[in-house]
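Data block below; observations after.
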Amino acid sequence: MTSVELIGKLREKFGAAIQDVCELTPSKVRVEVAPASVVPVCEALYRDLGARFLITAGIDSRAVRGCFDVDHIFSLDPDKMFVIVRASVPPERATLDSITPRVPAAFWAERELYDVLGVKAEGHPDPRRLIMPDDWPEGLFPLRKDVKYGDWPAVGGENADASYPWKPAPEGTSTVVVGPFFPVLEEPAQLRLYVDGERVVDCDYRGFYSHRGIEKMGDSALTYNEIPFVAERICGICGFIHSSCYCETAEEAMGIRAPRRARYIRSLMLEVERIHSHLLWLGIAGHIIGFDTVLMQAWRVREPIMWLCEKITGNRKTYGMNLVGGVRRDIPKEVQPELLEVVDKIEKETVAIVNAVIGDTVLKARLSGVGMLPEEKAKELAVVGPTVRGSNLPLDARVDHPYAAYDEIPPKVITHPDCDNWARVVVRLEETIESIRWIREGLKQMPDGPIMASDIPEDIPPEQWGVFVVEAPRGEAIHYVVTGGDNRPARWRVRAPTYQNLQALPYLIEQETIADVPITLGSMDPCFSCTERTEIINVRSGESKVLDQQELLRLSREATERLRGR
Amino acid sequence: MAISDALKKLFPKSLWVYHVNVGACNGCDIEVINVLTPYYDAERFGIKLVSSPRHADVLLVCGPVTRQVLPSVKRVYEATPSPKLVFAIGSCACGGGIWHDSYNILGGADKALPVDYYIPGCPPRPEAILYGVAVALGLAPKKAAPVHTKQKFLEMLEKGEVPGPQLVAPPGDSE
Ligand code: SF4
Chain Y
4 MTSVELIGKL
14 REKFGAAIQD
24 VCELTPSKVR
34 VEVAPASVVP
44 VCEALYRDLG
54 ARFLITAGID
64 SRAVRGCFDV
74 DHIFSLDPDK
84 MFVIVRASVP
94 PERATLDSIT
104 PRVPAAFWAE
114 RELYDVLGVK
124 AEGHPDPRRL
134 IMPDDWPEGL
144 FPLRKDVKYG
154 DWPAVGGENA
164 DASYPWKPAP
174 EGTSTVVVGP
184 FFPVLEEPAQ
194 LRLYVDGERV
204 VDCDYRGFYS
214 HRGIEKMGDS
224 ALTYNEIPFV
234 AERICGICGF
244 IHSSCYCETA
254 EEAMGIRAPR
264 RARYIRSLML
274 EVERIHSHLL
284 WLGIAGHIIG
294 FDTVLMQAWR
304 VREPIMWLCE
314 KITGNRKTYG
324 MNLVGGVRRD
334 IPKEVQPELL
344 EVVDKIEKET
354 VAIVNAVIGD
364 TVLKARLSGV
374 GMLPEEKAKE
384 LAVVGPTVRG
394 SNLPLDARVD
404 HPYAAYDEIP
414 PKVITHPDCD
424 NWARVVVRLE
434 ETIESIRWIR
444 EGLKQMPDGP
454 IMASDIPEDI
464 PPEQWGVFVV
474 EAPRGEAIHY
484 VVTGGDNRPA
494 RWRVRAPTYQ
504 NLQALPYLIE
514 QETIADVPIT
524 LGSMDPCFSC
534 TERTEIINVR
544 SGESKVLDQQ
554 ELLRLSREAT
564 ERLRGR
Chain V
82 MAISDALKKL
92 FPKSLWVYHV
102 NVGACNGCDI
112 EVINVLTPYY
122 DAERFGIKLV
132 SSPRHADVLL
142 VCGPVTRQVL
152 PSVKRVYEAT
162 PSPKLVFAIG
172 SCACGGGIWH
182 DSYNILGGAD
192 KALPVDYYIP
202 GCPPRPEAIL
212 YGVAVALGLA
222 PKKAAPVHTK
232 QKFLEMLEKG
242 EVPGPQLVAP
252 PGDSE
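Listed below in structure tokens is the structure:
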């Protein structure tokens with residue numbers, strides 16, 4: 004299906020409800036619809052045309068067009084196309100029908116829409132606060148343009164004692180509170196497990212402890228070329244994907260393209276980052292289930308990568324290589340043999356670890372059949388990355404929507420049919436090897452030439468847009484940029500892969516034992532850290548028992564020990 | 082008495098450290114964990130990462146303090162038995178970093194807890210983290226003597242040559 008056919012289909016079905024169409028490229032279209040038709044249009048895209056929901060971006064366009072724009076972004080993977088469904092609502096009545104009942108993957112996106120912009124999703128099944136801190140005043144929406152940067156409410160205001168409205172525990176269950184500091188996650192978050200004996204019946208999640216308000220910085224305090232450096236600090240593990248994704252998006256909005264050599268350098272660094280991230284994850288996963296040797300070995304093998312990154316970019320992490328229009332540093336010829344040497348060494352050692360892990364019957368028994376996510380469910384929840392590929396769906400942004408140099412060297416997409424924790428482990432391990440192959444290939448084919456575009460426009464007109472997805476080690480990261488005045492975007496929307504993956508957690512751990520929760524969470528490689536304590540409250544007797552993080556790790560490790568003893 | 086001598090008295094044995102992320106991007110956090118892995122191996126100095134603040138002598142704080150995390154991190158500090166040390170690891174924990182003026186950020190770790198030592202860097206290298214802890218404990222000699230630069234700066238301030246905030250002398254380290 005081409006974009007023309009798609010628009011034809013939508014017009015035929017919805018007639019005048021399709022108010023306007025803006026075709027950025029043949030693979031990126033924005034359809035403006037009447038607000039009343041937003042639900043049927045999104046449903047038609049999702050159910051009939053097989054589109055996958057990516058994210059919602061709300062924009063305060065009151066100064067330009069007197070309305071709030073709500074953009075639901077979809078991807079049609081087989082057609083390599085992005086479709087944005089835009090509905091504009093008047094400021095006096097900032098509500099829009101919720102698409103979540105029809106498109107379940109929009110669950111968090113619409114909660115966030117209200118939190119940051121104050122556009123209410125009418126009919127949303129769970130309109131609780133998602134992003135803003137508990138003590139944040141009601142009715143103050145940071146992404147509205149009339150909220151001046153720096154004018155923030157003091158801590159300890161009217162809502163100082165507010166606490167999060169947790170879901171009530173189901174009848175007959177006990178509550179296990181995990182977090183906000185928790186070992187499997189690198190950022191703080193709180194999880195409540197409602198358990199009946201050892202089994203998890205339901206759970207509730209309060210995250211965004213690390214919310215830093217990056218999008219507001221992007222549209223009020225930073226300039227186009229400062230954003231890549233902040234974008235890279237969204238995540239200290241896979242930051243380069245964010246700066247690359249932002250740059251590709253901003254370049255598209257400005258109508259330029261980075262030179263080929265720069266795109267190869269981006270891809271190379273992205274693959275280097277994937278190797279370091281997957282090895283890091285492998286170590287942590289090993290630690291969770293009591294294989295500390297895996298932690299030590301995986302991190303030992305990973306270390307030369309960090310040294311190499313320092314050599315190429317000047318920093319072990321947070322490379323600071325990207326700018327809109329290209330990259331700041333070349334990979335010099337002299338470093339290339341060394342790069343290959345390190346890659347050879349890592350390959351040898353990684354293969355040894357991979358074989359040891361895959362051949363370990365205890366590990367396999369511990370991880371198989373746990374944290375099941377069948378294909379259908381994975382599709383519905385729109386999970387991404389190794390989580391979806393572990394459910395046998397070949398979804399990979401590098402192939403589906405090529406960016407950087409992946410149009411010239413597509414990677415092999417690795418899937419696994421088992422749909423469980425084991426599958427997700429195997430997918431990551433094989434991907435590490437595939438990344439090594441890509442680096443060799445990439446270095447061989449890397450063309451000479453400039454590393455920075457020469458046609459960057461002096462003045463960037465407002466209201467231009469671009470959208471890109473980049474395959475991070477954890478899945479797709481999405482950036483959406485709408486240009487504005489003052490040398491900065493009017494809106495910069497970021498969605499990290501974990502945002503979508505975490506929404507699958509209740510489904511994954513339902514009916515699992517408490518001991519399996521850490522590794523199931525870990526199998527998604529969520530980007531967030533560390534347990535202050537785990538408190539078990541017995542709802543029936545009202546007793547509460549405090550477990551610390553060791554206790555939870557102990558439960559997880561004992562489950563492994565039992566298998567070893569068998 | 083120099084601080085490092087006092088520390089030797091207060092913490093004569095292994096140091097147990099607890100790591101708290103108060104809103105970091107994970108960059109600092111992975112470098113903290115890296116310090117414990119084979120190439121850096123902090124355990125040879127008796128430094129051990131523990132999983133509860135109740136067992137810890139030292140808190141390693143990474144990241145800028147977010148509004149949401151503030152009450153929790155205060156509880157972590159209270160749960161840590163005295164005497165205790167707090168290290169701010171990374172530019173964010175040292176002063177809020179690039180996020181310092183964002184709406185959900187209160188600033189560096191000292192906005193939530195009393196911080197004893199600052200290890201800057203974005204992220205600091207594992208060597209820097211090890212070195213910072215070792216210097217604090219008197220295990221490694223200080224290579225730079227910040228006292229001189231500080232005095233020069235103070236002199237200039239007095240003469241009115243540098244406009245800027247008043248400098249506060251660090252607590253009594255007279256080495
Ligand atoms: S100092 Fe740098 S690496 Fe550390 S948390 Fe802040 S942004 Fe991340």
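In the order they appear, the protein sequences are chains Y and V.
Counting the first sequence from 1 gives a position; my numbering is that position plus 3.
Counting the second sequence from 1 gives a position; my numbering is that position plus 81.
The beta carbon of each residue, even a glycine, is placed where N, CA and C say it ideally should be.
The structure presented is a predicted model; accordingly, all values stated were derived computationally and were not measured.
Through-space distance from residue j to residue i, alpha-carbon basis
| i | j | result |
| --- | --- | --- |
| Pro-104(Y) | Ala-20(Y) | 21 Å |
| Tyr-406(Y) | Ile-315(Y) | 22 Å |
| Asn-325(Y) | Leu-566(Y) | 47 Å |
| Lys-2(Y) | Glu-313(Y) | Any property of residue 2(Y) remains undetermined from this structure, which presents chain Y solely from 4 to 569. |
| Lys-165(V) | Gly-452(Y) | 56 Å |
| Pro-377(Y) | Gly-213(V) | 48 Å |
| Pro-201(V) | Cys-175(V) | 6 Å |
| Cys-45(Y) | Val-86(Y) | 10 Å |
| Val-73(Y) | Phe-211(Y) | 22 Å |
| Thr-516(Y) | Gly-289(Y) | 19 Å |
| Ser-457(Y) | Arg-496(Y) | 27 Å |
| Lys-31(Y) | Val-470(Y) | 8 Å |
| Gln-339(Y) | Arg-305(Y) | 18 Å |
| Glu-193(Y) | His-279(Y) | Looking at the sequence provided, one finds Gln at residue 193(Y) rather than Glu. Cα to Cα, Gln-193(Y) sits roughly 27 Å from His-279(Y). |
| Ala-209(V) | Ile-481(Y) | 34 Å |
Residue i (DSSP reduced to helix, strand or coil)
| i | result |
| --- | --- |
| Leu-13(Y) | helix |
| Trp-302(Y) | helix |
| Asn-325(Y) | strand |
| Ser-213(Y) | coil |
| Gly-61(Y) | strand |
| Tyr-483(Y) | strand |
| Phe-243(Y) | helix |
| Val-402(Y) | helix |
| Pro-119(V) | coil |
| Thr-3(Y) | This structure gives no information on residue 3(Y), because the portion of chain Y shown stretches from 4 to 569. |
| Ser-40(Y) | helix |
| Gly-176(V) | helix |
| His-181(V) | coil |
| Gly-289(Y) | helix |
| Tyr-25(Y) | It is Cys, not Tyr, that sits at residue 25(Y) in the sequence shown. In this structure, Cys-25(Y) counts as strand in the three-state DSSP scheme. |
| Ala-169(V) | strand |
| Glu-546(Y) | Note that Glu-546(Y) scores a pLDDT of 41, beneath 50, so its modelled location is shaky; the value from the coordinates is reported in the next line. Correct three-state label for Glu-546(Y): coil. |
Chain-ordered chain Y contacts of residue i [CB-CB under 8 Å]
| i | result |
| --- | --- |
| Gly-127(V) | Going along chain Y, no residue has its Cβ under 8 Å from Gly-127(V), so there is no contact; the nearest lies around 18 Å. |
| Pro-145(V) | Arg-215 |
Within chain Y, partners of residue i - CB distance below 9 Å
| i | result |
| --- | --- |
| Trp-180(V) | Arg-215, Gly-216, Ile-217, Met-220, Val-233 and Arg-236 |
| Thr-161(V) | Near Thr-161(V) there are no residues of chain Y at all, since even the closest Cβ is about 11 Å away, more than 9 Å. |
| Ser-95(V) | In chain order: nothing, as chain Y lies at least about 17 Å away. |
Within chain V, partners of residue i - CB distance below 7 Å
| i | result |
| --- | --- |
| Lys-320(Y) | Gly-108 and Pro-204 |
| Glu-306(Y) | Tyr-120 |
| Leu-283(Y) | Ile-111 |
| Pro-145(Y) | Tyr-184 |
| Met-299(Y) | Thr-118 and Pro-119 |
Listed by chain order, chain V residues near residue i by CB distance under 9 Å
| i | result |
| --- | --- |
| Val-158(Y) | Arg-148, Leu-151 and Leu-187 |
Beta carbon of residue i nearer than 8 Å to that of residue j
| i | j | result |
| --- | --- | --- |
| Tyr-249(Y) | Ala-234(Y) | yes |
| Gly-175(Y) | Asp-138(Y) | no |
| Val-34(Y) | Leu-13(Y) | yes |
| Thr-486(Y) | Pro-204(V) | no |
| Gly-239(Y) | Asp-110(V) | yes |
| Val-373(Y) | Asp-519(Y) | yes |
| Asn-132(Y) | Asp-118(Y) | Here the sequence assigns Arg to residue 132(Y), which means Asn is not the residue at that position. Yes. |
| Lys-155(V) | Ala-193(V) | yes |
| Lys-382(Y) | Leu-396(Y) | yes |
| Ala-261(Y) | Gly-216(Y) | no |
| Asn-424(Y) | Thr-501(Y) | no |
| Glu-276(Y) | Trp-441(Y) | no |
| Lys-219(Y) | Tyr-184(V) | yes |
Contact list for residue i against chain V, beta-carbon separation under 8 Å
| i | result |
| --- | --- |
| Gly-388(Y) | Neighbours of Gly-388(Y) on chain V: none; closest Cβ ~16 Å, over 8 Å. |
| Phe-184(Y) | Val-101, Asn-102, Ser-153 and Val-157 |
- Message: Can you tell me which residues fall inside 5 Å of the ligand SF4, judged by beta-carbon distance to its nearest heavy atom, and keep chain order?
- Response: Arg-236(Y), Gly-239(Y), Ala-105(V), Cys-106(V), Gly-108(V), Cys-109(V), Gly-144(V), Gly-171(V), Ser-172(V), Cys-173(V), Gly-178(V), Cys-203(V) and Pro-204(V)
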